[in-house]
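Residue numbers (my numbering): 385 to 480. Okay, so here's the structure we're looking at.
The structure is reproduced here in C-alpha cells:
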C-alpha cells in the first residue's frame, strides 16, 4: 500500500466518524427546531453563529487550519438552517 493509499484509508475512517457526528448533530437540530416552533423563534440566530465561530476557532490548535474553518462551520450551519426551515414549513402546513 502506498503512502497515498494509507492516507486515503485514514481519511475514509475520519469521514465515517464525521458522518456519525453529523447525524447526531442533525438529530439535535430537530430538537432545537421543535423548541423554536413552540416558542415562535426564527431559524437564524446570527449572534449564536458568531459566538460559535469565535469559540470553535479558539479550539483549533493548528494555526494554518483556522482560515479554512469558517467554510466548514458555514456548511454545517447552512444544512442546519435548511433543515430547520423545511421542518418549520411542514409544521406550518400541518397546522393549517
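From the three backbone atoms N, C-alpha and C, an ideal C-beta is built for every residue, glycine too.
Check: Select from 475, 474 and 466 the residue whose C-alpha is nearest the C-alpha of residue 410.; Outcome: 466
Check: Rounded to the nearest angstrom, how far is the Cβ of residue 437 from that of residue 454, given a contact under 8 angstroms?; Outcome: 6 angstroms
Check: What's the call for residue 417, buried or exposed, on a 16-neighbour Cβ count within 10 Å?; Outcome: buried
Check: Cα separation between residue 396 and residue 389?; Outcome: 10 angstroms
Check: What are the boundary residues of the alpha helix (DSSP H) that includes residue 467?; Outcome: 453-479
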